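Residue numbers (the working numbering), protein chains in the order written: chain A, 1 to 263; chain B, 264 to 581.
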């Protein structure tokens, strides 16, 4: 079983994230970045699957600028076997639609047409759209088996538990399939020292749009089907009133709520 | 006037509040047509008409309920091809966004998710989004195809505006690819009698500080008619279900009032509630980052503060 895990390099949520004034795209250069935390669960799940099977390889794929190599590195350190980095200046400013196109073509090229299994995180931690996995399923013609909080492989099948707003569902599909996983599914491992050293020798392919046969006019800022017209930093909240509980904290809280017409 | 399709968010014909919000917004953009996929249309039709649906397309397809997401996208794509709407509005929850995503690719249209406002601007439909854990506000538009917009619940007040809601049956032959991910079982969430987290006007959440005992949180929530939320720490500890988790990897909520009890306020949690209109916190630690966000805070033990507050609320409510 050969698994492709799609990962994203994102600005660190603990740092100040912002947009570039020049073109209103997310500033990916001026901030610290890292492998999106939600993608760690995807890498971990892929590793668990091949370890349980005793065979198979995990290839980690990302589309991103030079610094995105760090996301691949982290996944290789966790135990992924090989990496693919699609890096092309023309991709800058792509929307989710174009990103999914590039990812889909890269998955096809990396697997000679059909993967056994493609795994992603449930969403990125910067865009937080949660749409690329469904778009990948659409483009690759694979069953969409997404938001998995529990996963079991059967004989040529994959079964997951998907927890929604109103119900918990069991979803089943035949392989090959596109799976996305939530942060409930496992506990991602920390890279061991051995893993960190071994990662240095693992192969990472570097591809541009030409390698994928993707027309540059289909991607990038100008090709995007949506546009950011304006962005503004939210003004900081006015400092609130903080009181110490001296036997009357609850009463004071109720008074505040009454003053704001909540009771 | 241009038609605006609204995907009805329902369980067997019981509408979720978000549907009425979508119809309210749709009226700003054109003539709303509700799209009801699945059973229960007769039950839903009255409310759909009340909130402005001129038409209700009914797609009574059993496969749409049996297979995940793909059938709904295929049905909507067929309807988009038939009626060329100005926009398609969908609830911005996990399933809604995935339907919207596949619809965008099928119809060659731009997609905007988690919109908190949608309006007819000078240059077409404009949306507002709250991004980067609520630290930035973005105005965006769709520049290609039909505007496909997933809208967050609790974004607009409901406005009834009765229309005819004429039912029109619509049939689609689903492809094999649409019938690939089968829903073999569905366990409905246990009813608590409390409002649903993303729809509630008031949310009271508990965190590590509860030590696993959510009773003061629940009683305070009940005194206010609120939904109950939980921090990631509380969910990871097994104290409360993941479906109640508020945060980056749980639900993002924006209620009128958010009360955080025993929650430190790490960025993971803030990403889920930072845009709430009024924020209150109770925490023993006066250095807790949550206090930077609050309109009102009590430094104290939630096991003393919340019960006292609950009693006071009940007294005032009579």
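Using N, Cα and C, we set each Cβ at its ideal position, and we do this for glycine too. None of these values were measured; they are calculated from a predicted model.
query = Which of the three DSSP states, helix, strand or coil, is assigned to residue 2 of chain A?
reply = strand
ask   = Which parts of the region 429-482 of chain B are runs of the beta strand (DSSP E), unbroken and 3 residues or longer, counting only runs that do not cross its ends?
value = 429-432, 445-451, 465-469
message = Threshold first: 3 residues or longer. Then list the beta strand (DSSP E) segments lying entirely within the region 133-189 of chain A, N to C.
response = 144-153, 157-163, 167-174, 177-181
query = Quick one: is residue 117 of chain A near chain B, going by C-beta distance under 9 Å?
reply = no
ask   = Does the count of Cβ pairs from the region 102-109 of chain A and the region 121-141 of chain A closer than 8 Å reach three?
value = yes
inquiry  = Among the candidates A/92, A/116, A/188, whose CA atom is the shortest distance from the CA of residue 59 of chain A?
reply    = A/116
query = Counting Cβ pairs, one atom from each stretch, are 3 or more of them under 8 Å apart for the region 293-305 of chain B and the region 391-399 of chain B?
reply = no
key: Extent of the continuous alpha helix (DSSP H) to which residue 554 of chain B belongs   = Taken as a continuous stretch (DSSP letters only), residue 554 of chain B belongs to no alpha helix (DSSP H), as it is neither H nor E.
query = What residues of chain B sit near residue 146 of chain A, judged by a beta carbon separation below 7 Å?
reply = 361
key: Below-9 Å beta-carbon distance, residue 515 of chain B vs any chain A residue   = yes
task = Decide yes or no for the touch test of the region 440-447 of chain B against the region 456-467 of chain B: beta carbon pairs closer than 8 Å, at least 3 of them.
result = no
key: Coil, strand or helix - residue 486 of chain B by DSSP   = helix
inquiry  = Quick check on the DSSP output: the alpha helix (DSSP H) that includes residue 358 of chain B runs from which residue to which?
reply    = 357-370
Residue 521 of chain B: first and last residue of the uninterrupted beta strand (DSSP E) it sits in = 520-524
Whether residue 512 of chain B touches residue 531 of chain B by CB criterion (9 Å) = yes
request  = Would you list the residues sitting across from residue 62 of chain A in a DSSP beta bridge?
outcome  = A/7, A/85
key: Reduced DSSP category for residue 384 of chain B - H, G, I as helix; E, B as strand; rest coil   = strand
query = Who are the neighbours of residue 511 of chain B on chain A, taking C-beta pairs under 8 Å?
reply = 13, 125, 128
Beta-carbon neighbours of residue 558 of chain B, restricted to chain A and to distances below 9 Å = 237, 238, 240, 241, 256, 260
query = Do the CB positions of residue 424 of chain B and residue 290 of chain B come within less than 9 Å of each other?
reply = yes
ask   = Would a check of beta-carbon distances place residue 182 of chain A closer than 9 Å to chain B?
value = yes
inquiry  = Let's see if you can read the secondary structure: which residues bound the alpha helix (DSSP H) around residue 413 of chain B?
reply    = Per DSSP, residue 413 of chain B belongs to no alpha helix (DSSP H); it is in the beta strand (DSSP E), 410-414.
key: Residues that DSSP places opposite residue 402 of chain B in a beta bridge   = A/230, B/391
request  = Indicate whether residue 353 of chain B and residue 272 of chain B have their beta-carbon atoms separated by less than 9 Å.
outcome  = yes
ask   = At a CB-CB cut-off below 7 Å, which residues of chain A make contact with residue 541 of chain B?
value = 260
request  = Give every residue of the same chain whose Cβ lies closer than 6 Å to the Cβ of residue 542 of chain B, excluding the five residues on either side of it in the sequence, and list them in chain order.
outcome  = 521, 556, 557, 558
request  = Please list the residues of the region 152-185 of chain A that have a C-beta atom closer than 8 Å to any C-beta atom in chain B, keeping them in chain order.
outcome  = 159, 162, 163, 164, 165, 166, 167, 168, 169, 170, 171, 172, 173, 174, 177, 182, 183, 184
task = Step through the CB atoms of chain A and report whether any lies within less than 9 Å of the CB of residue 436 of chain B.
result = no
ask   = Taking Cβ-Cβ distances below 7 Å as the criterion, which residues of the region 412-437 of chain B are in contact with chain A?
value = none
Nearest residue (CA-CA) to residue 551 of chain B, options B/390, B/528, B/565 = B/528
task = For residue 411 of chain B, count neighbouring Cβ atoms within 10 angstroms of its own Cβ and tell me buried if that reaches 16, exposed if not.
result = buried
request  = Specify whether the region 26-36 of chain A and the region 67-84 of chain A touch according to this definition: at least 3 beta carbon pairs, one from each stretch, less than 8 Å apart.
outcome  = yes
ask   = Can you find a C-beta in chain A that's less than 9 Å from the C-beta of residue 308 of chain B?
value = no
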